[in-house]
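In our numbering, the protein residues as written are 7 to 238.
Even for Gly, the Cβ is constructed at its ideal location relative to N, Cα and C.
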Amino acid sequence: MKSAGGERGLGFRLLSAPERALLAADPVEVAPSLLGKVLVAGLGEGGRLAAGRIVEVEAYRSSDDPASHAFSGPTRRNEVMFRRPGSLYVYFTYGMHHCCNVVSHEEGEAGAILIRALEPLVGLDEMETRRRARLRADARLAATALCSGPGRLCQALGIARPDDGLDLLAEESPVRLGEGRPRPGEALASGARVGISPALSSAGRPWRWWLAGNPHVSTARSPRPLPGGRWP
DNA sequence: CTCTCGATGGACT
DNA sequence: GTCCATCGAGAGA
Numbered sequence: 007m008k009s010a011g012g013e014r015g016l017g018f019r020l021l022s023a024p025e026r027a028l029l030a031a032d033p034v035e036v037a038p039s040l041l042g043k044v045l046v047a048g049l050g051e052g053g054r055l056a057a058g059r060i061v062e063v064e065a066y067r068s069s070d071d072p073a074s075h076a077f078s079g080p081t082r083r084n085e086v087m088f089r090r091p092g093s094l095y096v097y098f099t100y101g102m103h104h105c106c107n108v109v110s111h112e113e114g115e116a117g118a119i120l121i122r123a124l125e126p127l128v129g130l131d132e133m134e135t136r137r138r139a140r141l142r143a144d145a146r147l148a149a150t151a152l153c154s155g156p157g158r159l160c161q162a163l164g165i166a167r168p169d170d171g172l173d174l175l176a177e178e179s180p181v182r183l184g185e186g187r188p189r190p191g192e193a194l195a196s197g198a199r200v201g202i203s204p205a206l207s208s209a210g211r212p213w214r215w216w217l218a219g220n221p222h223v224s225t226a227r228s229p230r231p232l233p234g235g236r237w238p
């Protein structure tokens, strides 16, 4: 009944409080190190367990990063980004999607790492049920569509606003991080963050990382023209 | 108070 | 490729 991944047959070790230091640094440094680690939800009594390997992430800093929710200081929504590293920051967007982030920053700073895609690992049936329940009947819901996108993976794992502020490193937390790393031969790739206006993203800020060639990585949105019809 | 628009996903041409 | 559902955060009046 108690924690420690193995006891529930997870097959990987859950990160705990002593490992908070791994997240207490510049999110641009920490983000790529999350690739291969595991995001687990539904831990605890009666939880519906689901987990996936992190295969795509984006780093968001604070006052020097206009694309970050933390850019203009703390508000009711982004307040968790200012909490201790290892906190879970969940926000609601586009009127229908949740996105989840691992809080990561240096002392006295704010920041977070958006989890953009998972390779489903545990609870595939559960994921499919949750995804299907909120979708029109799409009989061809492919395995790769379960968690390949920030909104999709939150839906698949059942992560939503009530989970905002959870401590991913706490024994009692239903959402945790699990140990993991890229497999031999799995290369890291990086590029511009998705969904950010080019002026705020690309130039010198390739703060999106993914496991090259992994089929579960989300499809990057194609670039859109700038106002005036010109392209970057 | 009103208005805009977003760290998106899915259906459709 | 295009369109749009749907709503809260944040900015401004």
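Next on the checklist: Please give the ranges of any beta strand (DSSP E) in the segment 146 to 229, keeping only runs that are unbroken, at least 3 residues long and fully inside the region.
Outcome noted: As far as the segment 146 to 229 is concerned, its whole beta strand (DSSP E) runs of at least 3 residues are 182 to 184, 194 to 197, 214 to 217.
Item to check | Beta-carbon proximity list for R54, same chain, < 6 Å, skipping 5 on both sides | outcome: Within the same chain, R54 has close Cβ partners G48, E132.
Next on the checklist: Tell me whether the segment 113 to 129 and the segment 31 to 41 touch, counting them as touching only if at least three CB pairs, one residue from each stretch, are closer than 8 Å.
Outcome noted: Segments in contact, yes.
Checklist entry - For G186 versus V46, is the C-beta distance shorter than 8 Å? => result With respect to the 8 Å criterion, G186 and V46 are not classified as neighbours on the basis of their beta carbons.
Checklist entry - Does DSSP put S39 in a helix, in a strand, or in coil? => result Helix at S39.
Item to check | contact_flag[the segment 81 to 96, the segment 168 to 176] where n(CB pairs < 8 Å) is 3 or more | outcome: Flag = yes, the segment 81 to 96 and the segment 168 to 176 touch.
Checklist entry - In three-state terms, what does DSSP make of A73? => result Of the three classes helix, strand and coil, the one that applies to A73 here is coil, per DSSP.
Checklist entry - At which residues does the alpha helix (DSSP H) containing L127 begin and terminate? => result Where L127 is concerned, there is no enclosing alpha helix (DSSP H), although the beta strand (DSSP E) around it starts and stops at 118 to 128.
Item to check | Helix, strand or coil at L20 according to DSSP, with G and I counted as helix | outcome: Of the three classes helix, strand and coil, the one that applies to L20 here is strand, per DSSP.
Checklist entry - Quick one: what does DSSP say A31 is sitting in, helix, strand or coil? => result Note: A31 maps to coil in three-state DSSP.
Next on the checklist: I'd like the span of the beta strand (DSSP E) that includes F98, first residue to last.
Outcome noted: First-last of the beta strand (DSSP E) with F98: 94 to 99.
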